[in-house]
Amino acid sequence: MADSQTEARKRSGLAVLLIMLVSLLPLVVQHGYVLRILIMISYFAVASYGWDVIGGYAGQLSLGQAAFFSIGAYAAASAYLIWKLSPAVGALAGVGLAALLALGLGSLVLRLRGPYFTLSTLAAAEVVRILLLHFKSITGGAEGRVIPYTGFNLSALQFATDRPYYYIAVALLALAIWTSYQVSRSRLGFQLAAIRNDEDAAESVGINLMSAKVKAFVISACLTALAGAFYVIYDRYIDPYSTCSSEVSVKILLIALVGGRRSIWGPLLGAVLLIPLTELTNAYFASIRAGASMVVYSIILIIVVLYAPDGLIRVLRRRPSRGAVTLQPGPKGRNSHASA
Amino acid sequence: MLQLKGVTKSFGGLTAVNQVDLEVRPGEIVGLIGPNGAGKTTLTNLITGFLPIDQGEITLNGEPIANRGADFVARKGIVRTFQIERSFKDLTVLENVAVGALVRADSVPEAFKKAKTVVKRFGLDRQEEELARNLTIQSRKALEFARAYATQPKMIILDEVMAGLTPGEIDGQLTLIQEIVSEGLSFLIIEHIMQVIMGVSQRIVVLEEGAKIADGTPQAVANDPKVIEAYLGRGGGD
């Protein structure tokens, strides 16, 4: 007991230190571009914590998070540009819409196991992009939409410097980390742990697979949509290719994989490593060849799967491996219970 | 308590379970035997809701439970172990059992509290922080049994949990089963080790080619000519 108490005290001390460091950071960081990178790290980490709920905890590899990211982004942008509402209201509506999509889509495709689920999420994101391109009057089509900057305006979430955006992004990050932590120790978290290990065994102890998986998918969609909404509020530009491409989905997934799935700090670590790297590759290779970042992602993925399949956070902590090391979730032989 | 009437299941042209009637009463240990391919595991899958039935009915205390899904049956109080064990490999022993306890617990901490006592009772407490994947097959089978018991069921179906155990370990398991039965739980036990099943069961049900060919005390079943023929006719029993 005393051990866990000092442990808890150490942890809360560490948390206070972390909060102070994070809040003082923008005062120290003078370079605008560095602050921009920190903001990007935060919102991509939020999206990635979202992925981790369905892809990590539930072990259902979603390759369609871009769909939720776009819904959040387009809701925030449209609320402001078309209905003259605060993009914050749009963000909340986007989160709601993403939850509804996850509920509807999940109820259909979460019945599928393994690669079939993954392919359906990939297809769903493609459909969302095609719809975004089609409904030009609302979305602006392929040209996208620019949110004009009209000076400091709190309700429009427009600020003269990047500092307020940084604090909003960090607050969202804190919310995402808290959500991940809560999921990991909740009833749902243990049900998901059972499901990703063995769906039949999970059912055999009374777990409703669909209900648990759909809940996880909805939570995942909400966080990812929130990240998307913040992205457009911050960048003030949106188009279907930059929010709803498979590159976005892969990026979100890769951040969690590299950092470490099912970990409170894994997706953040992944974002801290990958986002600056993406920015660098974009800066150096963009003029040579578009899509260079995808090549870099692929190389990173191969290295991580080979040498740190549980993510880098577990390499740092030297904790014994825990969690399915393969990319392929679920039991190896489906329905093998019926074969004997 | 558990009642099967005319339960039938076919896979294509093969009738795996054919018109089976079966009853298991509270606090009863029923052994289910039969040659390989007789339909024992299929029958288990039908009772526990892992497979839908084609004909007949399965009721638990009068309530139909067939074709409602495995999670429904488990919540109603019939749980199982798997012939090829299916523990949650990347969870610890304690977490495995806690996931079982969760179905009746109001909270996660309560489930862990319950799991603690179950783990101790099943003699797994020294390994409770160990990941299931690091256990021997035999320990994992015991773990599955513990996980099933932690759901606080009315009936447990054990599918060959004794295979590979030493005689001493088998005795331990049998004692445990007897203790649990005295709490009012029932067992349906599938086992190939004849001495074990004959010794522990109050009643034996014999399946052959999907049909029930005998149902009675171990003594009566062992002397039943149909049973002897079923086993010897296939080149001797085991």
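The listed protein sequences correspond, in order, to chains A and B.
Under our numbering, the first residue of the first sequence is numbered 39, with each subsequent residue one higher.
Under our numbering, the first residue of the second sequence is numbered 797, with each subsequent residue one higher.
No residue lacks a Cβ here, since even glycine has one placed at the ideal position from N, Cα and C.
Residue i lies in the beta strand (DSSP E); which residues open and close that run?
| i | result |
| --- | --- |
| Asn779 of chain B | Past the boundaries of the shown model lies residue 779 of chain B; chain B is included only from 797 to 1034, so the question cannot be answered. |
| Ala105 of chain A | Not the beta strand (DSSP E): Ala105 of chain A falls in the alpha helix (DSSP H), residues 103 to 119. |
| Phe983 of chain B | 982 to 986 |
| Thr971 of chain B | Not the beta strand (DSSP E): Thr971 of chain B falls in the alpha helix (DSSP H), residues 963 to 977. |
| Lys1008 of chain B | 1007 to 1012 |
| Leu828 of chain B | 825 to 829 |
| Val1001 of chain B | 999 to 1004 |
So if DSSP puts residue i in a beta bridge, which residue, or which two residues, is it bridged to?
| i | result |
| --- | --- |
| Ile874 of chain B | B:Met951 |
| Asn191 of chain A | A:Gln196 |
| Phe807 of chain B | B:Leu810 |
| Gln799 of chain B | B:Glu819, B:Thr855 |
| Ile276 of chain A | A:Arg183 |
| Pro860 of chain B | B:Thr855 |
Quick check on the burial criterion: 16 or more other C-beta atoms within 10 angstroms. Buried or exposed for residue i?
| i | result |
| --- | --- |
| Glu925 of chain B | exposed |
| Tyr187 of chain A | exposed |
| Val54 of chain A | exposed |
| Phe106 of chain A | buried |
| Met248 of chain A | exposed |
| Gln879 of chain B | buried |
| Val957 of chain B | buried |
| Gly51 of chain A | exposed |
| Pro949 of chain B | buried |
| Lys910 of chain B | buried |
| Ile340 of chain A | exposed |
| Gln21 of chain A | Outside the displayed span of chain A (39 to 378) sits residue 21 of chain A, for which this structure offers no information. |
| Gly144 of chain A | buried |
| Asp348 of chain A | buried |
| Phe190 of chain A | exposed |
| Asp200 of chain A | buried |
| Thr971 of chain B | exposed |
| Tyr279 of chain A | exposed |
| Lys122 of chain A | exposed |
| Pro305 of chain A | buried |
| Ala180 of chain A | exposed |
| Ile168 of chain A | exposed |
| Asn832 of chain B | exposed |
| Thr1013 of chain B | exposed |
| Pro367 of chain A | Because Pro367 of chain A carries a pLDDT of 40, less than 50, the predicted location of this residue cannot be relied on, and the following value inherits that uncertainty. By the neighbour-count rule (16 or more Cβ atoms within 10 Å), Pro367 of chain A is buried. |
| Asn892 of chain B | buried |
| Asn1019 of chain B | exposed |
| Gln969 of chain B | buried |
Which stretch, first to last residue, makes up the alpha helix (DSSP H) that contains residue i?
| i | result |
| --- | --- |
| Ile338 of chain A | 330 to 345 |
| Met958 of chain B | Neither: Met958 of chain B is in no alpha helix (DSSP H) and is coded neither H nor E. |
| Pro305 of chain A | 304 to 323 |
| Lys122 of chain A | Neither: Lys122 of chain A is in no alpha helix (DSSP H) and is coded neither H nor E. |
| Thr840 of chain B | 836 to 843 |
| Phe82 of chain A | 70 to 89 |
| Ala239 of chain A | 237 to 242 |
| Val288 of chain A | 284 to 297 |
| Tyr1027 of chain B | 1021 to 1028 |
| Leu354 of chain A | 350 to 355 |
| Gly97 of chain A | Taken as a continuous stretch (DSSP letters only), Gly97 of chain A belongs to no alpha helix (DSSP H), as it is neither H nor E. |
| Gly995 of chain B | 990 to 996 |
Original post:
Taking Cβ-Cβ distances below 7 angstroms as the criterion, which residues of the region 908 to 925 of chain B are in contact with chain A?
Top reply: none
Original post:
What are the uninterrupted segments assigned as alpha helix (DSSP H) that are 4 or more residues long and contained completely in the region 125 to 203 of chain A, given in chain order?
Top reply: 125 to 147, 153 to 172, 174 to 177
Subject >> Complete alpha helix (DSSP H) runs within the region 872 to 911 of chain B (minimum length 4 residues, chain order) >> reply: 889 to 897
Subject >> Chain-ordered residues of the region 878 to 891 of chain B with a beta carbon less than 8 angstroms from chain A >> reply: Phe878, Gln879, Ile880, Arg882, Ser883, Phe884, Lys885, Asp886, Leu887, Glu891
Original post:
What residues in the region 244 to 261 of chain A bring their beta carbon closer than 8 angstroms to a beta carbon of chain B?
Top reply: Gly244, Ile245, Asn246, Leu247
Subject >> Contacting positions in the region 214 to 244 of chain A - beta carbon closer than 9 angstroms to chain B >> reply: Arg223, Ser224, Arg225, Gly227, Phe228, Gln229, Ala231, Ala232, Arg234, Asn235, Asp236, Asp238, Ala239, Ala240, Glu241, Ser242, Val243, Gly244
Subject >> Residues in the region 1002 to 1021 of chain B having any Cβ partner in chain A nearer than 8 angstroms >> reply: none
Original post:
Which residues, in order along the region 947 to 963 of chain B, keep a beta-carbon less than 8 angstroms from a beta-carbon of chain A?
Top reply: Thr947
Original post:
If you measure beta-carbon to beta-carbon, which residues of the region 841 to 854 of chain B are closer than 9 angstroms to chain A?
Top reply: Asn841, Thr844, Gly845, Phe846, Leu847
Original post:
In the region 804 to 826 of chain B, which residues sit with their C-beta less than 8 angstroms from some C-beta in chain A, listed in chain order?
Top reply: none
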